[in-house]
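Numbering (the numbering used here), first residue to last: 1 to 410.
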């Protein structure tokens with residue numbers, strides 16, 4: 001007799017343990033998802049995944065409905081039933097868009113969804129709806145029957161949009177998601193999340209988010225919107241990576257006067273933190289003055305973060321190199337802003353701190369390049385001379401520091 005693989009053996013042992021009491025239906029089996037897939041292939045039946053959650057309703061379902069004899073017997077005859085924790089199985093929850101507890105998810109042995117039952121049911125209801133799913137047929141047709149007379153129900157409408165999206169009917173799905181989003185609430189947020197996810201493969205979805213943002217933008221730019229509307233607009237722009245809109249609005253808010261100016265200030269402060277990389281790339285140093293403040297504290301914070309990463313991965317040279325490069329580059333960027341803003345005393349102290357922490361040619365070169373980016377040849381030259389004379393660095397490396405800064409003729 002051929003030996004069973006470890007997975008098959010585990011499944012067989014688990015199944016044997018479940019059925020060791022004759023006449024007692026098992027119902028939900030104590031199997032992990034992978035073992036349930038193995039059992040489903042062997043028994044040629046679908047898997048029923050029960051997501052209950054930890055709410056009172058979920059606990060009640062687990063301790064009453066799922067223990068009902070007729071339901072357990074039905075499960076033993078028709079499906080491989082397992083119960084999964086939605087928190088521990090977050091990746092599966094996200095992949096299958098499980099948003100409501102409880103959800104009864106029917107999948108085949110490969111993990112392809114057949115259909116689902118959303119919300120609490122009694123034993124009889126679960127068995128009746130489960131039988132319809134197991135018979136086969138079109139899940140969309142079954143959903144349309146359940147939706148009859150309840151077309152405006154946001155949960156059912158969201159499920160309808162999900163099926164359309166899975167069938168690549170993206171334009172119709174987007175229309176449904178937008179309609180659900182407009183209703184607000186939990187389903188509205190879930191619909192928005194799906195629009196963002198769809199936008200990765202369907203440009204019209206991102207265009208739709210831009211359209212939603214534009215309906216609020218004029219009021220935000222005049223600081224006439226409420227704080228809640230500003231947050232909603234900001235969330236839309238962040239979700240669709242609409243940096244240009246953030247910049248336009250940041251620039252518009254500087255011209256706001258009167259009573260609205262008091263609201264415009266904090267909004268600009270929020271925006272500058274999001275636009276830090278954009279302003280740095282565009283050399284808008286004045287706009288960074290409010291966030292590049294106590295650079296020594298920021299440097300010490302980076303040191304602490306690096307130390308924590310190294311402690312979590314002891315001996316990992318790639319981690320050491322990456323974290324040092326990140327610390328060096330981020331600090332050199334702050335140095336560049338300080339130089340450009342003529343805050344030279346602060347710039348010198350920050351450069352001293354970085355060189356003291358990492359006295360290498362790479363550190364000097366980083367600071368020199370950023371000084372040149374800030375159009376300060378004098379600071380770059382001073383750093384080059386200092387580095388070329390730093391005895392802590394190998395002589396061959398010292399002479400190559402600051403290649404864009406000419407050596408003094410002897």
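Note that CB positions come from ideal geometry on N, CA and C, so glycine has one too.
Residue closest to residue i, alpha-carbon to alpha-carbon, out of the options
i, options, result
"residue 397", "387, 33, 257 and 236", "387"
"residue 99", "29, 190 and 40", "190"
"residue 24", "57, 42, 44 and 72", "72"
"residue 26", "330, 77 and 296", "77"
"residue 366", "303, 175, 346 and 332", "332"
"residue 233", "322, 250 and 215", "215"
"residue 327", "336, 372, 200 and 302", "302"
"residue 284", "150, 317, 250 and 183", "250"
"residue 44", "57, 116, 134 and 64", "134"
"residue 167", "153, 140 and 149", "140"
"residue 359", "383, 344 and 315", "383"
"residue 163", "357, 138 and 309", "138"
"residue 40", "111, 266 and 58", "111"
"residue 227", "268, 286 and 391", "268"
"residue 55", "119, 32, 38 and 148", "119"
"residue 304", "136, 148, 225 and 357", "357"
Residue i burial status per 10 Å Cβ neighbour count (16 or more: buried)
i, result
"residue 30", "exposed"
"residue 70", "exposed"
"residue 377", "exposed"
"residue 7", "Unreliable placement is indicated for residue 7, whose pLDDT of 40 sits below 50; the coordinate value is still reported in the next sentence. Exposed, by the Cβ-count rule."
"residue 253", "buried"
"residue 86", "buried"
"residue 399", "exposed"
"residue 185", "exposed"
"residue 126", "buried"
"residue 88", "exposed"
"residue 181", "buried"
"residue 439", "No information on residue 439 is available, as it lies outside the stretch 1 to 410 that the chain covers here."
"residue 9", "With a pLDDT of 32 at residue 9, under the threshold of 50, the modelled position of that residue is not reliable, and the figure given next carries that caveat. By the 10 Å Cβ count, residue 9 comes out exposed."
"residue 201", "exposed"
"residue 74", "buried"
"residue 172", "exposed"
"residue 370", "buried"
"residue 20", "At residue 20 the pLDDT is 40, less than 50, meaning the model places this residue with poor confidence; the figure from the coordinates comes in the next sentence. Counting Cβ neighbours within 10 Å, residue 20 comes out exposed, since fewer than 16 surround it."
"residue 411", "This structure cannot speak to residue 411, because the chain is shown only from 1 to 410."
"residue 311", "exposed"
"residue 330", "exposed"
"residue 395", "exposed"
"residue 258", "exposed"
"residue 225", "buried"
"residue 321", "exposed"
8 angstroms Cβ cutoff met for residue i and residue j
i, j, result
"residue 223", "residue 264", "yes"
"residue 402", "residue 368", "yes"
"residue 66", "residue 107", "no"
"residue 374", "residue 340", "yes"
"residue 404", "residue 350", "no"
"residue 146", "residue 156", "yes"
"residue 276", "residue 291", "yes"
"residue 195", "residue 179", "no"
"residue 36", "residue 80", "yes"
"residue 83", "residue 109", "no"
"residue 46", "residue 114", "yes"
"residue 165", "residue 198", "yes"
"residue 236", "residue 271", "no"
"residue 158", "residue 187", "yes"
"residue 274", "residue 337", "no"
"residue 299", "residue 353", "yes"
"residue 132", "residue 121", "no"
"residue 183", "residue 210", "no"
"residue 346", "residue 323", "no"
"residue 68", "residue 123", "yes"
"residue 229", "residue 219", "yes"
"residue 240", "residue 206", "yes"
heavy atom of the ligand SAM below 7 angstroms from residue i C-beta
i, result
"residue 138", "Ligands in the displayed structure: none, and consequently the ligand SAM is not present."
* Asked: Are three or more beta carbon pairs between the region 99-111 and the region 44-59 nearer than 8 angstroms?
  -> They touch, by the three-pair rule.
* At 4 residues or longer, and completely inside the region 315-366: list those alpha helix (DSSP H) runs for me, N to C. => 317-340 and 344-357
* Can you check the region 55-141 for any alpha helix (DSSP H) of at least 4 residues that lies completely inside it and give the ranges in chain order? => 56-63, 69-78, 90-95 and 123-135
* To do: Would you mind listing the alpha helix (DSSP H) stretches within the region 250-303 that are 4+ residues and don't spill past its ends, in chain order?
  => 261-274, 276-281 and 285-288
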